[in-house]
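Undergrad: For my numbering, add 543 to where a residue sits in the sequence shown, where the first one is 1.
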Amino acid sequence: MILTDDNFITIVEAIKQGRNIFDNIKKAVHFLISTNIGEIVTIFVGLLLGLESPLLAIQLLWINLVTDSIPAIALGLEAPQSDIMNKKPRSAKKGIFADGLWGKIFVEGVMLGVLTLFSFSLGNNLYGIKVGRTMAFLSLGLLELVHSFNIKSDESIFKIGLFENKYLVGAFIIGTILQIGVVCIPLIANIFDLVPLNLIQWMYVIGISISPLIIMEIQKKFNEIRFGKVVYGYKEKLDF
């Protein structure tokens with residue numbers, strides 16, 4: 544390491560920025576893979592259950608381009624967490640998926656897929672296949688946008704701050720407007736084979752879409768009670 548000034552605090556700041564870059568890459572990968580597993584579960588399990596395809600190819604393509612990509616970029620721009628320098632140094636032998644990340648990704652992906660299938664089945668059984676696909680399309684897109692806030696931290700989102708990443712908030716707003724706009728603008732809706740929803744159907748979609756936030760908050764609280772939180776002192780950390 545070469546210092547370009549005589550201030551050794553530069554080393555601390557460099558380590559801080561390096562840890563933040565690694566964490567943000569990990570968050571983006573976590574989000575992208577879990578949402579893609581959710582899409583796979585939606586289609587694959589739906590076909591195994593003998594259902595009509597919950598989503599068409601053009602609908603999946605839109606979700607991948609909009610509600611996958613924009614939040615992933617925003618997660619890559621997260622500011623360092625307040626306790627980032629209170630963590631033990633990461634072992635060079637540990638990969639990006641260490642410490643159970645693969646398990647988290649799989650469980651979260653299954654959660655997104657099951658909720659989307661529930662939305663599709665509800666709409667399909669009550670209102671027909673086109674309404675079912677429209678509800679599944681809206682639900683999956685909004686589920687992914689909401690789930691992006693769960694990826695920010697292992698702590699409660701309400702504890703670390705819901706709005707402190709303006710890029711993620713912007714991604715959520717833009718993604719939501721685009722997702723709803725596809726359904727509400729008739730010319731575009733026809734291209735994607737979507738139909739307008741009534742108030743009750745919108746309430747179903749909204750209720751299903753916010754459920755990952757509630758589920759993950761309960762899971763985070765359970766982990767906090769069961770395992771606690773280990774915080775390493777700043778001085779101990781520097782003495783490694």
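Using N, Cα and C, we set each Cβ at its ideal position, and we do this for glycine too.
Remember, it's a predicted structure, so these values are computed and weren't measured experimentally.
Classify K559: buried if its beta carbon has 16 or more other beta carbons within 10 angstroms, exposed otherwise.
TA: exposed
Undergrad: At 4 residues or longer, and completely inside the stretch 555-608: list those alpha helix (DSSP H) runs for me, N to C.
TA: 600-606
Undergrad: Rank L575, Q744, G593 by C-alpha distance to the C-alpha of Y670 and give the top, closest one.
TA: Q744
Undergrad: Ignore the nearest five residues each way along the sequence and tell me which others in D782's own chain have a CB closer than 7 Å to its CB.
TA: Residue placement at D782 cannot be trusted, given a pLDDT of 40 that sits under 50; the coordinates are not used to answer.
Undergrad: Report the rounded CA-to-CA distance for V726 versus S754, giving the unit in angstroms.
TA: 21 Å
Undergrad: If we count the other Cβ atoms within 10 Å of its Cβ and call it buried at 16 or more, is Y777 buried or exposed?
TA: Note on Y777: pLDDT 37, under 50, position unreliable in the model; the coordinate value appears next. Looking at its Cβ environment, which holds fewer than 16 other Cβ atoms inside 10 Å, Y777 is exposed.
Undergrad: Ignore the nearest five residues each way along the sequence and tell me which others in L737's own chain have a CB closer than 6 Å to its CB.
TA: Leaving aside the five residues that flank L737 on each side, the residues in its chain whose CB is nearer than 6 Å to its CB run, in chain order, T677, V726.
Undergrad: Of the residues S625, D611, G638, which one's Cα is nearest the Cα of K569?
TA: Per the Cα distances, G638.
Undergrad: Check P632 in the structure and name its three-state DSSP category.
TA: coil
Undergrad: Using the Cα positions of L591 and K709, report the straight-line distance between them to the nearest angstrom.
TA: 41 Å
Undergrad: If I follow the unbroken alpha helix (DSSP H) through E687, where does it start and stop?
TA: E687: member of the alpha helix (DSSP H) spanning 672-693, first to last residue.
Undergrad: Please report the straight-line C-alpha distance between T659 and K636, rounded to a whole angstrom.
TA: Annotation: T659 to K636 spans about 37 Å, alpha carbon to alpha carbon.
Undergrad: Could you pull the start and end residues of the alpha helix (DSSP H) that N708 belongs to?
TA: Looking at the DSSP string, N708 is not in any alpha helix (DSSP H), and its letter there is neither H nor E.
Undergrad: For I648, I'd like the list of residues in its chain whose CB is within less than 7 Å of its CB, leaving aside the five on either flank, ordered along the chain.
TA: H573, I576, S577, I580
Undergrad: Taking the continuous alpha helix (DSSP H) assigned at S696, which residues delimit it?
TA: Element bounds for S696: n/a, residue is neither H nor E.
Undergrad: Express the C-alpha separation of V650 and G643 in angstroms, rounding to a whole number.
TA: 11 Å
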